[in-house]
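*Asks:* If you scroll down you'll find the structure; I have some questions about it.
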Amino acid sequence: MAQATLTEHPFAPSAATLPAQDSVVLRLYAAARLMLGKARNSAHLALLQTLCLPVTALWCRVLRFDPAHPDWPDRDRFVVPSATLHPLLQAMLHLSGTYGFSESPLEYGMHPGVETAPGPAGQGIAAAAGMALAEHLLAKRYGRSLVNHRTWVLARDGDLATGVAMEAAQLAGRFGLTQLAVLVSPTPGADRTEFSNSLARFSASGWSIRKVDASQLSAINGALAATLRAKKPTLIACMPPESPQTFRPQPYLSPEEELTGPWSPTARRGATAYRSWLKRLARHRQRTAFERETTNTLPSLLMEDWSRLYRRAMQPTHQASTQQAAITSLHTLSALLPELTVLTATSALPRTSAAAHIQPDWPCNIQEHGMAGMLNGMALHGGILPCGIASMITVDRMRAALRMAALMRQKIIYLLTDDGLALSHDGASWQPVEQLASLRAMPHLAVFRPANAQEAFACWKAAIRWQSGPAVIMLCPNPPEHSHAVPMQGSAARGGYMLHGSTTRQVTLMASGPEVSIALETEQLLRQHGIQAAVVSIPCWEVFSNQPEAYKTAILGTGTLRVGIEAASGFGWERWLGSQGFFVGMDDFGVSAPANAVYERFGITAGAICARVLKHLRASGAIEERFLQAPSPTSR
Numbered sequence: 065m066a067q068a069t070l071t072e073h074p075f076a077p078s079a080a081t082l083p084a085q086d087s088v089v090l091r092l093y094a095a096a097r098l099m100l101g102k103a104r105n106s107a108h109l110a111l112l113q114t115l116c117l118p119v120t121a122l123w124c125r126v127l128r129f130d131p132a133h134p135d136w137p138d139r140d141r142f143v144v145p146s147a148t149l150h151p152l153l154q155a156m157l158h159l160s161g162t163y164g165f166s167e168s169p170l171e172y173g174m175h176p177g178v179e180t181a182p183g184p185a186g187q188g189i190a191a192a193a194g195m196a197l198a199e200h201l202l203a204k205r206y207g208r209s210l211v212n213h214r215t216w217v218l219a220r221d222g223d224l225a226t227g228v229a230m231e232a233a234q235l236a237g238r239f240g241l242t243q244l245a246v247l248v249s250p251t252p253g254a255d256r257t258e259f260s261n262s263l264a265r266f267s268a269s270g271w272s273i274r275k276v277d278a279s280q281l282s283a284i285n286g287a288l289a290a291t292l293r294a295k296k297p298t299l300i301a302c303m304p305p306e307s308p309q310t311f312r313p314q315p316y317l318s319p320e321e322e323l324t325g326p327w328s329p330t331a332r333r334g335a336t337a338y339r340s341w342l343k344r345l346a347r348h349r350q351r352t353a354f355e356r357e358t359t360n361t362l363p364s365l366l367m368e369d370w371s372r373l374y375r376r377a378m379q380p381t382h383q384a385s386t387q388q389a390a391i392t393s394l395h396t397l398s399a400l401l402p403e404l405t406v407l408t409a410t411s412a413l414p415r416t417s418a419a420a421h422i423q424p425d426w427p428c429n430i431q432e433h434g435m436a437g438m439l440n441g442m443a444l445h446g447g448i449l450p451c452g453i454a455s456m457i458t459v460d461r462m463r464a465a466l467r468m469a470a471l472m473r474q475k476i477i478y479l480l481t482d483d484g485l486a487l488s489h490d491g492a493s494w495q496p497v498e499q500l501a502s503l504r505a506m507p508h509l510a511v512f513r514p515a516n517a518q519e520a521f522a523c524w525k526a527a528i529r530w531q532s533g534p535a536v537i538m539l540c541p542n543p544p545e546h547s548h549a550v551p552m553q554g555s556a557a558r559g560g561y562m563l564h565g566s567t568t569r570q571v572t573l574m575a576s577g578p579e580v581s582i583a584l585e586t587e588q589l590l591r592q593h594g595i596q597a598a599v600v601s602i603p604c605w606e607v608f609s610n611q612p613e614a615y616k617t618a619i620l621g622t623g624t625l626r627v628g629i630e631a632a633s634g635f636g637w638e639r640w641l642g643s644q645g646f647f648v649g650m651d652d653f654g655v656s657a658p659a660n661a662v663y664e665r666f667g668i669t670a671g672a673i674c675a676r677v678l679k680h681l682r683a684s685g686a687i688e689e690r691f692l693q694a695p696s697p698t699s700r
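So the sequence shown is numbered by the numbering used here: it starts at 65 and just counts up by one.
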């Protein structure tokens, strides 16, 4: 095929003044444009073509990516969170030799070049901010000789306008994440006012904003070079040319004939950077620790050392709340696991003395949604075990990010404080009625609701071992009203166990969290009536459901009346109750009253539950008429 002349490209300067690197960029740009023309997403072709030259320049001249080692820890992250823009990523991966171009969509987990799964608008920017924070933390620990890469985001203008992106942008500006950059272009034909307002909001959040003509390679090169020197997070607004240009690809080589694979500029530069990095890694004094963290491997004796430190820290405390025990577990774990990084929302800061020692290292104010999105990015980056602390009342604000973590099966641990009704003697009008059920319905998410300090620590250990996705630990600020005996059978680490009662039982009382104390009181009342009952605590349904059937049958019993007790919706409890059991909980919210009064209104007291059990047993013929008179209800 005849050699192409670069002067025939509509965006190129004269051949005499064109630098060699720019010549390569324009050639690959032409090949990428041809590939975009074959993409199925033709409705957004104008947007893809506008961003094509900036993205090609980034991949050809700046991006650190080795196609032969696409999961290299010190590679640049190129985040494309919108499926609309995936054809550009496909084209770049094809031209660098790592992916055969196809009309089928790219799937997260199927190709290492896909850094995150597509999701709701704004989630990608928040995840990229988390990746930049992870890079910042690892660079502080191991130095720039091992960790010195950037996170690039290819976003849409709609992403900038979302609340989660705005919250993450503010956190990125406050944390000084200078290795973060966003490339974005306004949607063709849309009103530019909102786009300009979004740029102004990012600028006010501490970002460096650069506008470039997306058809001028020299301006794009200048913006990329300035980004590498910037002391702030950077947003590059790639503006469409004022007058439409006609693309003429005929003088250029086809994508199949271009310099692709190991001969592409991206691959050559990436391979050189990777070899240099391997030499530095081999000489680094912290090589073993770095490799352990970047492969997400836990120390061999972590659980034993952690248990010893936790017992020592909890010795002065006689009756600790689950919140205090979980925070103590967190602090003792951080002394053994340097990759553990905690982001804390203002909503989780202590209102009671039980959590007075929460000292956030990375405070996120009230930006829980942005915080949750950043936790996703920290987990995706690798080398970090992210943990977020927020109030239970904010879980709905974080739900979209939490669903993304579950979808991608990322290991993130959430501590949700102030669970339940017993927040104060004045009570509260907000109760978590449906939150527990909705979280338990989320695939791959483990929801823990411990009843006492011992369970809180066991739940922490189970959350660390949970490999299917994120884990949520719900915590109560008040100590349990009754001290819990040594488990009779099983352990909390297995998700459910028998806490107290008789093995030859007629009734199985199942509960979680603070309601376990009510179940213990109910068991005592039933014993006074000659009814044998057992109390079963189920702090985590997901872990318990994974246990062998023989274990679950031994804990729940066979041929017994099963009663579920929880200050929340009963949705989902039918899986444990069977056909004859019943649930005691809440079916309404908005009641502003002290906790005891609310519990009494919904019948979540030992006396009321005992009366229902006796009535049910009498109706089924399991007990005689003499048990019709139930004991007087008692307060919780």
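Glycine included, every Cβ here is placed at the ideal spot set by N, Cα and C.
1. Exposed or buried, residue 517, counting other C-beta atoms within 10 Å across all chains shown (16 or more means buried)?
2. Under the three-state reduction of DSSP, which class applies to residue 313: helix, strand or coil?
3. For residue 418, collect the residues of the same chain with a Cβ closer than 6 Å to its Cβ; drop the 5 residues on either side in sequence, then sort them by chain order.
4. Compare the beta carbon distance of residue 640 and residue 574 with 8 Å and say whether it is the shorter of the two.
5. Am I right that residue 218 and residue 170 are in contact with their C-beta atoms under 8 Å? What's the rounded C-beta distance?
6. Anyone know if the C-beta pair for residue 673 and residue 631 falls short of 8 Å?
7. Residue 756: buried (16+ other C-beta within 10 angstroms of its C-beta) or exposed?
8. In three-state terms, what does DSSP make of residue 343?
9. Relative to the alpha-carbon of residue 534, which residue among 647, 270, 346 and 607 has its alpha-carbon at the smallest distance?
10. Given that a residue counts as buried once 16 or more other Cβ atoms are within 10 Å of its Cβ, and exposed if not, what is residue 156?
11. Let me check one thing: in DSSP terms, what residues is residue 453 bridge-paired to?
12. Taking 6 Å as the limit between beta carbons, can you name the residues of its chain near residue 234, skipping five residues before and five after?
13. Quick check: the stretch 555–565 against the stretch 585–604, are there 3 or more CB pairs under 8 Å?
14. Only counting runs of 3 or more residues, tell me where the beta strand (DSSP E) segments fall wholly within the stretch 222–297, in order along the chain.
15. Whose C-beta lies closer than 7 Å to the C-beta of residue 116 among residues of the same chain, with five residues either side of it excluded?
16. What ranges does the beta strand (DSSP E) occupy inside the stretch 616–648, keeping only unbroken runs of at least 3 residues that lie completely in it?
17. Which residues share a DSSP beta bridge with residue 63?
18. Buried or exposed for residue 489, going by 16 or more other Cβ atoms inside 10 Å?
19. Which residues does DSSP list as the beta-bridge partners of residue 426?
20. For the stretch 516–555, list the alpha helix (DSSP H) runs that are entirely contained and at least 4 residues long, ordered along the chain.
21. Nearest-angstrom Cα distance between residue 195 and residue 578?
22. Relative to the C-alpha of residue 197, which residue among 131, 290, 129 and 297 is closest?
23. Thinking C-beta only, is residue 348 closer than 8 Å to residue 249?
24. Which residue's Cα is closest to the Cα of residue 305: 370, 119, 435 and 110?
25. Check residue 338 in the structure and name its three-state DSSP category.
26. Within its chain, find whatever has a CB closer than 6 Å to the CB of residue 30; leave out the 5 residues flanking it on each side and keep chain order.
27. Only counting the same chain, and skipping five residues up and downstream in sequence, which positions put a Cβ closer than 7 Å to that of residue 338?
28. Quick check: residue 179 and residue 444, are their CB atoms within less than 8 Å of each other?
29. Among the candidates 303, 499 and 202, whose CA atom is the shortest distance from the CA of residue 113?
30. Taking C-alpha atoms, which residue in 623, 583 and 559 lies nearest to residue 514?
31. Given this structure, state the Cα-to-Cα distance separating residue 635 from residue 242, to the nearest angstrom.
32. Return the Cβ separation of residue 192 and residue 215 in integer angstroms, given the expectation that the two are a contact with Cβ distance under 8 Å.
33. Apply the 10 Å Cβ neighbour rule to residue 684 and answer buried if 16 or more other Cβ atoms are within range, or exposed otherwise.
34. Please name the residue in 185, 190, 138 and 119 whose C-alpha comes closest to that of residue 160.
35. Going by Cα to Cα distance, which pick from 280, 676 and 334 is closest to residue 141?
36. To the nearest angstrom, report how far apart residue 512 and residue 637 are at their CA atoms.
*Replies:* On the basis of the coordinates in this document:
1. Translated into the one-based positions of the sequence shown, residue 517 becomes position 453. With 16 or more Cβ atoms within 10 Å of its Cβ, residue 517 is classed as buried.
2. On the sequence shown, position 249 is the one that residue 313 refers to. For residue 313, the pLDDT reaches just 47, beneath the cut-off of 50, and the residue's location in the model is therefore unreliable, although a value from the coordinates is still provided. Coil.
3. For the purposes of this step, residue 418 is identified with residue 354 of the sequence shown, where counting begins at 1. The pLDDT assigned to residue 418 is 40, lower than 50, so where the model puts this residue is not dependable, and the model offers no usable value.
4. Counted from its first residue, the sequence shown places residue 640 at position 576. Counted from its first residue, the sequence shown places residue 574 at position 510. Yes; because the gap between Cβ atoms is below 8 Å, this pair is in contact.
5. Reading the sequence shown from its first residue, position 154 is the one you call residue 218. Reading the sequence shown from its first residue, position 106 is the one you call residue 170. With a Cβ gap of about 13 Å, residue 218 and residue 170 do not count as contacting.
6. For the purposes of this step, residue 673 is taken as the residue at position 609 of the sequence shown. For the purposes of this step, residue 631 is taken as the residue at position 567 of the sequence shown. Against a cut-off of 8 Å, the Cβ pair of residue 631 and residue 673 comes out as no contact.
7. Outside the shown range of the chain, which is 65 to 700, sits residue 756, and nothing can be said about it.
8. Start at 1 with the first residue of the sequence shown, and residue 343 comes out as number 279. The answer is helix: DSSP assigns residue 343 an H, G or I state.
9. On the sequence shown, residue 534 is found 470 positions in, with the first residue counted as 1. Residue 607 is the option with its Cα nearest to residue 534.
10. Here the question's residue 156 lines up with position 92 in the sequence shown. Its Cβ being crowded by 16 or more others within 10 Å, residue 156 is buried.
11. Within the sequence shown, numbered from 1, the residue matching residue 453 stands at position 389. Beta-bridge pairing links residue 453 to 408 and 479.
12. Position 170 of the sequence shown, counted from the first residue, corresponds to residue 234. If we look at residue 234 and ignore the five residues flanking it on each side, its Cβ neighbours are 269.
13. yes
14. 244–249 and 272–277
15. Locating residue 116 in the sequence shown gives position 52, counting from the first residue. Excluding sequence neighbours, residue 116 sits near 93, 96, 97, 100 and 152.
16. 625–629 and 646–648
17. Outside the shown range of the chain, which is 65 to 700, sits residue 63, and nothing can be said about it.
18. One-based indexing of the sequence shown puts residue 489 at position 425. A caution first: residue 489 carries a pLDDT of 45, below 50, which makes its placement in the model unreliable, though a value can still be read off. Exposed, since its Cβ has fewer than 16 Cβ neighbours within 10 Å.
19. For the purposes of this step, residue 426 is taken as the residue at position 362 of the sequence shown. Partner(s): 407.
20. 517–529
21. The residue you call residue 195 lines up with position 131 of the sequence shown. The residue you call residue 578 lines up with position 514 of the sequence shown. Cα-Cα distance, rounded: 37 Å.
22. Working through the sequence shown from its first residue, we reach residue 197 at position 133. Comparing Cα positions, the closest option is 297.
23. Here residue 249 refers to the residue found at position 185 when the sequence shown is read from its first residue. Here residue 348 refers to the residue found at position 284 when the sequence shown is read from its first residue. Cβ distance not < 8 Å, so residue 249 and residue 348 don't count as in contact.
24. Position 241 of the sequence shown holds residue 305. Nearest option by C-alpha distance: 110.
25. As a first step, residue 338 is located in the sequence shown; it is residue number 274 there, counting from the start. Of the three classes helix, strand and coil, the one that applies to residue 338 here is helix, per DSSP.
26. The first residue shown for the chain is 65 and the last is 700, placing residue 30 beyond what the model contains.
27. Position 274 of the sequence shown holds residue 338. Result list for residue 338: 130, 133 and 136, in chain order.
28. By one-based count along the sequence shown, residue 179 stands at place 115. By one-based count along the sequence shown, residue 444 stands at place 380. Going by C-beta atoms, residue 179 is nearer than 8 Å to residue 444.
29. Here residue 113 corresponds to residue number 49 of the sequence shown, with the count starting at 1. Answer by Cα proximity: 303.
30. As a working mapping, residue 514 is identified with position 450 in the sequence shown. Residue 559 is the option with its Cα nearest to residue 514.
31. What you label residue 635 is simply residue 571 of the sequence shown in a count that begins at 1. What you label residue 242 is simply residue 178 of the sequence shown in a count that begins at 1. Between residue 635 and residue 242, the C-alpha separation is close to 46 Å.
32. Here residue 192 refers to the residue found at position 128 when the sequence shown is read from its first residue. Here residue 215 refers to the residue found at position 151 when the sequence shown is read from its first residue. Correct: roughly 5 Å between the Cβ atoms.
33. Here residue 684 refers to the residue found at position 620 when the sequence shown is read from its first residue. Exposed, since its Cβ has fewer than 16 Cβ neighbours within 10 Å.
34. In the sequence shown, the residue the question calls residue 160 occupies position 96. Closest by alpha carbon: 119.
35. Here residue 141 is taken as the residue at index 77 of the sequence shown, counted from 1. The residue with the shortest Cα to Cα distance from residue 141 is 334.
36. The residue you call residue 512 lines up with position 448 of the sequence shown. The residue you call residue 637 lines up with position 573 of the sequence shown. Approximately 15 Å, taken between the alpha carbons.
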